[in-house]
Structure formats: C-alpha cells, structure tokens
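First up is the structure itself, then whatever we jot down about it.
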Amino acid sequence: MERKLLHLYDDVMNLYGEYANVSLLARFLTDLGHSVQIDTLSLYEKKDISGYDFYFMGAGTERRQKLALSQLVFYRDALKNAMDESKVMLFTGNSFEMLGAKITDADGREYDGLHLLDFETVETKRRITGDCLAKTELFDDLLVGFMNKCSITTKVEQPFCSVIMGFGNEEDKGAEGFRAGNCFGTHLTGPILVKNPAMLRCIADLLGAKDSDRVSYPYMEKGYETTALELKKRLEQTK
C-alpha cells in the first residue's frame, strides 16, 4: 500500500533537523512493507496539496514563521479539508501556531492565522528553552523533547500532552500543544519522531500500518531510554 507524505515549507521551517521526522517515518513505513512517496511544498510554490496521507511542518524562526504564514493562507481550504477527512497531520515548534485564529508578535502586531482552530498565540520578550518531559493519552511512554519558544498560546480545547518538566502552552508544567482528531501540534522538537519511538509507532498506526511493533530500531530505542531516564532523574532533583 502506498503512503503519500508531504513536507510543508521544508526550505524555511526546518530548525532542529525537523526533516528527519519525515525521512524516519518514510523508512519506518517502508520497513513495514508500504511504498512511500515524499513530496515537498516550497515557499512561493503553488500546487495541489490534496490527497496526501500525512502532512508535516517543522519549526522556524519567528520571522520565517510569518513568511510561511503569508503563503500558507493560500492552502487554508486544502488543509481544512485534510483535517476534516482525518488525515494525519503533525506541526512541530511554532508552525502549529499558524493554524489558530491569530498570532500577536512581541511588538503588538497581529497576524491572522488560518482559523482552523480557535486558539490564539502571543509572543513575548521572554524566550523559553530547555529539555521537556511530558505525558500523553496517546500511549503509555513519556514524551521527551526540546523546547525553544517565546510565546503563550491560549484557548486550546484539547491539548496534545501535559508537561511534567518544562513549559506548557500557558504555564510551567501545563497542558501543551493541541490535538484535533488526527492533527497534532506541539512545541516539542528534537525531532519528536526520532526521539520518541512510541510517537513514531502512533503515527504509523494512524496511517494504517499493521503490527507496527514488529519493526524497531535498537539505537533509537536505547537513545530514548537513556534520555527519559536522565530527564526523570533531573525532575526528581528539582522536587
């Protein structure tokens, strides 16, 4: 079975090696017996983005985020249709902020979002960086990742996860990101699918992969176990 993956604005929204989320997912699906097609949408490129099984966009600087938003608005209807059709979508870093109602920068300038969801983001002068540990209802394993943001996001109806070490949408150790059906947004980067084998399997399962636990990558699993253990130790030391 063929799976079509689309990497949105890989040329400008690709901090922290976010392309690895797509390349690893493609390898994982291939190892599970699927054929995979990867396409990209570059800045200022115009093309039909309907019909994909998986949509991804990574993090960018605040300036590049606004640049990407100025072009992403042309694809609002296509992305809304994909969301309504329960296509699997993952937006990491500040890319997910573009799906909300608006973004207000640190100087008070407002930018209309895609209005796919009702949340709003306000950038601040404070930059929040650091390792994160979080739990999600999607699977039992804890999530690990890195966060680098300068924003507060409010009015999220359903969060992606709950941060137990690090900063959430609005507060320290709070609800983080969003989930709307099979569409996920999170400030956790790393890249998230590389750092979290359970999240990789979750996405593959949503894409119709069967018995995704029959394929594993030992070095990736070991890397996750080591990172999760060290973050748990650090968390205990702060109590």
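In our numbering, the protein residues as written are 17 to 255. Glycine residues also receive a C-beta, built at the ideal position from the N, C-alpha and C atoms.
Delimiting residues of the beta strand (DSSP E) encompassing Ala196: 194-196
Through-space distance from Met29 to Ser39, alpha-carbon basis: Near 15 Å, if we compare the C-alpha coordinates of Met29 and Ser39.
C-alpha gap between Thr242 and Met236, whole angstroms: 10 Å
Proximity winner among Asp227, Asp100, Leu149, relative to Arg250 (alpha-carbon distances): Leu149
Residue environment, Thr137, which counts as buried when at least 16 other CB atoms sit within 10 Å: Per the 10 Å Cβ criterion, buried.
Contact check, Cys177 vs Ile144, beta carbons under 8 Å: Their beta carbons are not under 8 Å apart, which means Cys177 does not touch Ile144 by this criterion.
CB contact flag (Ile54, Ala42, <8 Å): Result yes, Cβ atoms of Ile54 and Ala42 sit closer than 8 Å.
Simplified DSSP state of Gln53, which is helix, strand or coil: strand
Alpha-carbon to alpha-carbon, Lys189 and Glu78: 23 Å
When His131, Phe72, Tyr60, Phe135 are compared against Asp93, the one with the closest alpha-carbon: His131
Endpoints, beta strand (DSSP E) assigned at Arg143: Unbroken beta strand (DSSP E) run through Arg143: 136-151.
Beta strand (DSSP E) segment containing Ser178, residue limits: 177-181
Three-state secondary structure (DSSP) of Glu126: strand
Identity of the residue in Tyr233, Asp121, Ala191 nearest Val210 by Cα: That would be Tyr233, whose Cα lies nearest to the Cα of Val210.
Other residues of its chain near Arg80: CB distance less than 6 Å, five sequence neighbours each side excluded: Val28
Reference Thr46, options Asn185, Thr140, Arg19, Ala75, closest by Cα: Out of Asn185, Thr140, Arg19, Ala75, Arg19 has the C-alpha closest to the C-alpha of Thr46.
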